[in-house]
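Below you'll find the structure, written out as structure tokens, and then a few comments.
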Amino acid sequence: DLVAHSPDILAAFLQHPSKEDTFTNSVCKLVHEQYIADIRKISSEHAGWHFGASSATTKQLEDFSIEEMAWEMETSAPALWNLLGGLL
């Protein structure tokens with residue numbers, strides 16, 4: 001099964017000298033595209049975290065929870081969450 005053995009297959013590609021740069025660049029591009037998609041998803045108005053600073057109500061500010069925002073980010077964009085955790 002390709003999916004079950006994908007870590008081994010990817011490792012073999014990475015270790016093969018003739019394809020190393022091409023494969024690494026392709027993987028980096030795919031990961032980059034995934035991070036961009038995740039950032040767009042969690043920063044969209046549909047995600048529910050938008051409000052204008054000049055028009056924010058007291059209730060919006062009181063109801064804001066950084067913990068809830070972090071949990072939603074972790075569950076909706078786990079790869080991005082792991083990247084940010086690694087960078088911090």
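With the UniProt record's numbering, the residue at position 64 of the sequence shown is 64, and numbering never jumps. C-beta atoms are modelled at their ideal positions from N, C-alpha and C, and glycine is treated no differently.
By the CB criterion at 7 Å, D38 and A77 fall inside the cutoff.
In this structure, I42 places its C-beta atom within 7 Å of the C-beta atom of M73. DSSP, read as helix, strand or coil, puts A4 in coil.
In the displayed model, T57 falls within coil according to three-state DSSP, outside both helix and strand. Judged by DSSP in its simplified three-state form, P17 adopts coil rather than helix or strand.
A70: member of the alpha helix (DSSP H) spanning 66 to 76, first to last residue.
Excluding sequence positions up to five before and after L83, its CB lies within less than 8 Å of the CB of Y35, all in the same chain and listed in chain order.
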